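Trainee: Chains as they are written, first to last, in my numbering: chain A, 12 to 265; chain B, 46 to 369.
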Amino acid sequence: MLRLLVVGWYFQLKMQWRDPFTGIFAVLYPMFFATVAFLMFRINGGATSLLYAALGAGVMGIWAATSTTAGSALQRERWHGTLEVLVASPSPFALVLLPVTVAMATIGLYCMVATLVWGRLAFGIHFSVVHWPAFMLAVPATVISIGCAGFLLAVSFVRYRTAWALGNLLEYPVWLICGFLVPLALLPGWVRPISWVLAPTWGMNAIRESALGGTPWPDLLLCVALGALYIAVGVVVLDRALTAARARAVLSLT
Amino acid sequence: MAVIEAENLRRTYKTSTGTIRRKTLEVEAVRGVSFEVGEGELFGLLGPNGAGKTTTIKMLITLLIPTSGSARVLGYDVVKEPREVRKRIGYVFGGERGVYERLSGLDNLRYFAELYGVPAREQRPRIDHLLELVGLKGREDERVEGYSRGMKQRLHVARGLLHDPPVVFLDEPTIGLDPVGARELRSLIASLTEAGKTVLLTTHYMFEADALCDRLAVIAKGQIVAEGTPESLKQLVADRTVVEIETYGVGEEAVERLRGIQGVASVWVEDRDQAQLVLVQSARGLELTQTLLGHLDGIRVGRVAAREPTLEDAYVSLVGEGAD
């Protein structure tokens, strides 16, 4: 099972890197996100707030890479006729689908690195981390949990041909709701419960708390737990979604 | 025991039209299809485009759930036990879709070998053997986007055989291939049954069905209109004669006039560049050539010939006259 996940992740990552759209996306977007964040925070911020912005922009990149491309990747599988071939394989479909979204989140990990490098080169932001072990755990945990959220989204993409638009729709609201750029305390009270059920919120907190100083462990734990919950819900729903897709003939375009 | 069993399979698609006043339409793609395929048999589903061949095959390989009816492969129900079915079948479809273009041929096979549960140690020798079998040895490291259509099709076949399935479904595998590529693929298909596999092949090429299949079912408008060996299907029109008339500019009205002639069993028109070849079937011994030409008055006529019926004529007759 682990081998299937790793092999699937490797080949999906290989395919994504070779996609010109993904390549341009991966190179340009982190710089764009980082520049916007740095210009916003530079007005009245010190070194700490610029690092706060840099980390937020990095996670924005991970989320953007997962939410928008998960939809388009599934749609591409459908266009290329490979979605049917994947479904027709005897492997549990969850183990086929999860590496697709985790591979995308991995491309997002590059966005995080690129953002920090861009911040250093273009804006002179010094990158320092208070709790290195926690930081080194928080970043992959956030990547994987965002991949898990992408998996949950991908389940709907399998079932509904037009659901890829949902991925695009969710890209920007999540930046706000999960506090990538703006502290959650500034958002209206009714938004907070939504933030709490989103793993990126806790992943973002864990990364910031470990880099800037604080208590990252509870956030990290919640991020991982929510990621695991997404997988559990996704696996349960996926079987039904697949059955519905087979009943409604939406696995292919022909 | 039959390896593939289809019992009264039906499949309806729902489509909708309009933006504000949406109307849902139901299209019956398959209307009560039943057949059985025995072990080691190469069974053909023959029919024109839109006859329901692909829908039938997709129900059998668990990609579509039948609206009603049932089907089993090696005794496993395609709706209730899809994973058991998938472990034991290979699926190959025609055209260029279904492979990852940005990966090499080898990477495609390695990925699918993993998905199909081929043990890690067996993967490389199996892949090497299949690359040899389908003639892609030496080209496996190239990206698939640079492959010709025939190479992609052969990669499809290799993918479908990765886990050495006892049952193989081939959905119009030679569609769009050049004559040499199609011939090579047909000899590969023939070798599958020699290796003991049970094969279900869909095609709309008559000579392909005639050359490859042990038994055939002709499907038209979602229903099976005839079933048997190629020879027995040819017998359906053995008591007929076929008159071929080359015409330039024959219209539907003239064709209807021909159909109205007493003794004419069926009329079929094939487009040949600027010309149309009108194929008229009638009872053997009935001399209708002059009558037919009389009904084509005013239309430029070229070559006219009478000949013995072939399997293609049997097919034309079945598809044209059956299933309403």
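Where is the CB? At the ideal position from N, CA and C, for every residue including glycine. Remember, it's a predicted structure, so these values are computed and weren't measured experimentally.
Residues bridged to K68 (chain B) by DSSP?
Mentor: Per DSSP, B:T62.
Trainee: Looking at the unbroken beta strand (DSSP E) that takes in Y192 (chain B), where does it start and where does it end?
Mentor: Segment: none, Y192 (chain B) is in no beta strand (DSSP E) and carries neither H nor E.
Trainee: Work out the CA separation of A105 (chain A) and T246 (chain A) for me, nearest whole Å.
Mentor: According to the sequence provided, residue 246 (chain A) is Val. The question's Thr does not apply to it. Between V246 (chain A) and A105 (chain A), the C-alpha separation is close to 6 angstroms.
Trainee: Tell me the rounded alpha-carbon separation between L15 (chain A) and Y161 (chain B).
Mentor: Going by the C-alpha atoms only, they are around 10 angstroms apart.
Trainee: Would you identify the three-state DSSP class for N53 (chain B), choosing helix, strand or coil?
Mentor: In this structure, N53 (chain B) counts as strand in the three-state DSSP scheme.
Trainee: If you reduce the DSSP assignment to three classes, tell me which class S311 (chain B) lands in.
Mentor: In the structure shown, S311 (chain B) sits in a strand (DSSP, three-state: E or B).
Trainee: Within 10 Å of its beta-carbon, does D186 (chain B) have 16 or more other beta-carbons around it, so buried, or fewer, so exposed?
Mentor: Label assigned to D186 (chain B): exposed.
Trainee: Who are A133 (chain A)'s beta bridge partners in DSSP?
Mentor: For A133 (chain A), which the question treats as bridged, DSSP gives no partner whatsoever.
Trainee: Whose CA, out of A:L66, A:A84, A:A260, lies closest to the CA of T46 (chain A)?
Mentor: For the residues A:L66, A:A84, A:A260, the minimum Cα distance to T46 (chain A) belongs to A:L66.
Trainee: Within the segment 272–358 of chain B, note down every full alpha helix (DSSP H) run reaching 4 residues or more, in order along the chain.
Mentor: List check, alpha helix (DSSP H) in window: 275–280, 297–304, 334–340.
Trainee: Distance, Cα to Cα, M71 (chain A) vs F44 (chain A)?
Mentor: Whole-angstrom Cα-Cα distance: 7 angstroms.
Trainee: Should D358 (chain B) go down as buried or exposed, given a rule of 16 or more other Cβ atoms within 10 Å for buried?
Mentor: The residue in question, D358 (chain B), is buried, as its Cβ has 16 or more Cβ neighbours within 10 Å.
Trainee: Going along chain B, which residues have a C-beta under 8 angstroms from D30 (chain A)?
Mentor: Result: R147.
Trainee: Decide if A165 (chain B) is buried, meaning its Cβ has at least 16 other Cβ atoms within 10 Å, or exposed.
Mentor: When all chains shown are included, A165 (chain B) counts as exposed.
Trainee: Would S83 (chain A) pass as an interface residue toward chain B - the criterion being a Cβ-Cβ separation below 8 angstroms?
Mentor: So, not an interface residue.
Trainee: What residue does the alpha helix (DSSP H) around R169 (chain B) start on, and which one ends it?
Mentor: Unbroken alpha helix (DSSP H) run through R169 (chain B): 165–179.
Trainee: Let me check one thing: in DSSP terms, what residues is Y121 (chain B) bridge-paired to?
Mentor: DSSP lists B:V118 as partners of Y121 (chain B).
Trainee: Measuring CB atoms only, is the segment 60–69 of chain B touching the segment 86–93 of chain B, in the sense that at least three cross pairs come out at less than 8 angstroms?
Mentor: Too few Cβ pairs lie closer than 8 angstroms, so no.
Trainee: Can you round the beta-carbon distance between T153 (chain A) and I218 (chain A) to whole angstroms, since I take them to be within the 8 angstroms contact cut?
Mentor: That belief holds up - the Cβ atoms of T153 (chain A) and I218 (chain A) are roughly 6 angstroms apart, short of 8 angstroms.
Trainee: Over the uninterrupted beta strand (DSSP E) stretch that includes F138 (chain B), give me the two end residues.
Mentor: From DSSP, the beta strand (DSSP E) with F138 (chain B) extends over 134–138.
Trainee: Please check the pair L177 (chain A) and S167 (chain A), which I expect to be a contact at CB under 8 angstroms, by giving their CB distance rounded to whole angstroms.
Mentor: So it is a contact: roughly 6 angstroms between Cβ atoms.
Trainee: Going along chain A in order, which residues have a C-beta closer than 7 angstroms to the C-beta of K132 (chain B)?
Mentor: Residues of chain A passing the Cβ test: P101.
Trainee: Would you call Q335 (chain B) buried or exposed, if buried means 16 or more other Cβ atoms sit within 10 Å of its Cβ?
Mentor: By the 10 Å Cβ count, Q335 (chain B) comes out exposed.
Trainee: Scan the segment 105–118 of chain B for residues whose Cβ lies nearer than 8 angstroms to a Cβ of chain A and list them as they occur along the chain.
Mentor: Listed in sequence order: I106, T107, L108, L109, I110.
Trainee: Any idea what DSSP makes of R142 (chain B), helix, strand or coil?
Mentor: If DSSP states are grouped into helix, strand and coil, R142 (chain B) belongs with coil.
Trainee: With a Cβ-Cβ cutoff of 8 angstroms, do C122 (chain A) and Y21 (chain A) count as a contact?
Mentor: No; because the gap between Cβ atoms is not below 8 angstroms, this pair is not in contact.
Trainee: How would you write the range of the alpha helix (DSSP H) that T212 (chain A) sits in, first residue to last?
Mentor: Residues 210–223.
Trainee: Of all Cβ atoms in chain B, is any one closer than 8 angstroms to the Cβ of T93 (chain A)?
Mentor: Yes, T93 (chain A) counts as interfacial toward chain B.
Trainee: How big is the Cα-Cα spacing for A368 (chain B) and T77 (chain A)?
Mentor: Low local confidence applies: a pLDDT of 44 at A368 (chain B) is under 50, so the model's placement there is unreliable, and no value is given.
Trainee: What's the C-alpha gap between L356 (chain B) and Q307 (chain B)?
Mentor: Answer to the nearest angstrom: the Cα atoms are 24 angstroms apart.
Trainee: Would you mind telling me which residues of chain B sit closer than 8 angstroms to M26 (chain A), beta carbon to beta carbon, in chain order?
Mentor: Result: Y145, R147, L148.
Trainee: Looking at the C-beta of V248 (chain A), does it have a partner C-beta in chain B at a distance below 8 angstroms?
Mentor: No - not a single Cβ of chain B is within 8 angstroms of the one on V248 (chain A).
Trainee: Taking only beta-carbon positions, decide if L108 (chain A) is within less than 8 angstroms of chain B.
Mentor: So no, L108 (chain A) is outside the interface.
Trainee: List the residues of chain D that R142 (chain B) touches, going by C-beta distances under 7 angstroms, in chain order.
Mentor: The structure shown contains no chain D; the protein chains it does contain are A and B.
Trainee: Using a cut-off of 9 angstroms between C-beta atoms, extract the partners of F22 (chain A) located in chain B.
Mentor: Those are Y145, L148, D152, N153, R155, Y156, E159, listed as they occur along chain B.
Trainee: Short of 6 angstroms in beta carbon distance, which residues of its chain neighbour F146 (chain A), apart from the five on each side in sequence? Order them along the chain.
Mentor: Cβ within range, chain order: V140, S221, A222.
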